[in-house]
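What the sequence shown shows, in my numbering, is residues 177 to 485, in sequence order. Just so you know, even glycine gets a beta-carbon here, dropped at the ideal spot from N, CA and C. The block underneath contains the structure these notes are about, expressed in structure tokens.
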Amino acid sequence: MAPSTTPGRAGLPHGNLSACPNGSRWVMDVFHECAQDGRDIASVVLGLVSIFCFAAASFPQFYQACKTGIIDRALSIYFLLGWLGGDLLNLIGSFLADQLPLQVYTAVYYVLADLVMLSLYCYYKVKNRGGGFAAPINAAFFFLSLGMVSTVSFLGRGAAVAQGPATFKGRSLLSAPTNELGSEPFTRSEIIGFTIGSISSVLYLCSRVPQIYTNYKRKSTIGVSYSLFALVMLGNSLYGVSVLLKNPELGQGEGDYILHHLPWLVGSLGVLSLDVVISFQFLAYRRGRPSTREERDALLGEQGDSLES
């Protein structure tokens, strides 16, 4: 999943429209964000839709993994680990930025979805090799996921009580609020967020390269769900538009605004371009590729040959 955040204006008290004249009431009540005009509201709506795209992206791949049983052959482990690394930084950023519980829980969901994907990968890796360790591996991932949900839920409740007013940041990777007067180009929290966002963007970008190589090496995309990449591309596109639509902070120029969100824009557009390459691979390998049964039989045949030798 690509880094995305819908940047908001400086945090405002809940339901207080005095500091946000002509602002949207529902945006203020739900997200504590000042949406002054149609551009701001459109940015928030597009940011929300991008979140749903990212959230739904994993489900087609879950289905494809169970249907074909060759996820360990179809997906690169480095693709999954890079994705997990980016989402873990997203989760860390959500705490450092003192976000609303909605953003924290969304970040937790992304990490859990990655763990489920890795669990499926390990399960079919062991199963296709004829090993007997699938159950312990699944149990380990289950308890790890359960422990993370419990821990983050506890921390999230504490954050909801302790944190001050927050801004809506979508599927955030630390788009820290700027100084209200715009006097400081970067605050300390923004520098931390900028660094984490940059590293996360690099992880998301690097994760696509081994998957592109895996598809090229197999000359097939069997076992990979195109809906996964289609939804991520849609999410990244909507995210980029939402950032560009948003009005800059009070006292902040367009150039400074873009600079503050540059890591996420570059990461989002970079991942989008690599996903386009994967889309072309789906088209290129659509004809003449082996069926799922043939590929599974070939996999089992290779395993049998290795056992005999």
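Asked                                                                                                                        : Found
Closest residue to residue 424 among 205, 202, 213 (Cα-Cα distance)                                                          : 213
Secondary structure of residue 246, DSSP reduced to three states                                                             : coil
Where residue 429 falls: helix, strand or coil (DSSP)                                                                        : coil
Endpoints, alpha helix (DSSP H) assigned at residue 415                                                                      : 402-421
Cβ-Cβ separation, residue 201 to residue 518 (assumed contact under 8 Å), whole Å                                            : In the structure displayed, the chain extends from 177 to 485; residue 518 sits before or after that span and is not available.
Distance between residue 370 and residue 258 (C-alpha atoms, nearest Å)                                                      : 19 Å
Whether residue 461 touches residue 397 by CB criterion (8 Å)                                                                : yes
Proximity winner among 272, 372, 417, 433, relative to residue 222 (alpha-carbon distances)                                  : 417
DSSP three-state assignment for residue 399, whether helix, strand or coil                                                   : coil
Touching by the beta-carbon criterion (3+ pairs, under 8 Å), the stretch 385-396 and the stretch 204-211                     : no
C-alpha gap between residue 282 and residue 269, whole angstroms                                                             : 12 Å
Three-state class that DSSP yields for residue 443 in the structure shown                                                    : helix
Neighbourhood of residue 359 by C-beta, 7 Å cutoff - its chain only, sequence neighbours within 5 removed                    : For residue 359, the pLDDT reaches just 44, beneath the cut-off of 50, and the residue's location in the model is therefore unreliable, although a value from the coordinates is still provided. Once the five neighbours on either side are set aside, residue 359 has no close Cβ partner at all.
Test item: CB-CB of residue 444 and residue 405 under 8 Å                                                                    : no
Cβ-Cβ distance between residue 252 and residue 293 below 8 Å                                                                 : no
Residues of its chain near residue 412, where Cβ-Cβ distance is below 8 Å and the 5 sequence neighbours each way are ignored : 178, 180, 226, 444, 445, 447, 448, 451
Reference residue 407; option with closest CA among 199, 196, 229                                                            : 229
Which of helix, strand or coil DSSP assigns to residue 208                                                                   : coil
Extent of the continuous alpha helix (DSSP H) to which residue 266 belongs                                                   : 253-272
Terminal residues of the alpha helix (DSSP H) in which residue 229 lies                                                      : 214-232
Distance, residue 437 Cα to residue 364 Cα                                                                                   : 15 Å
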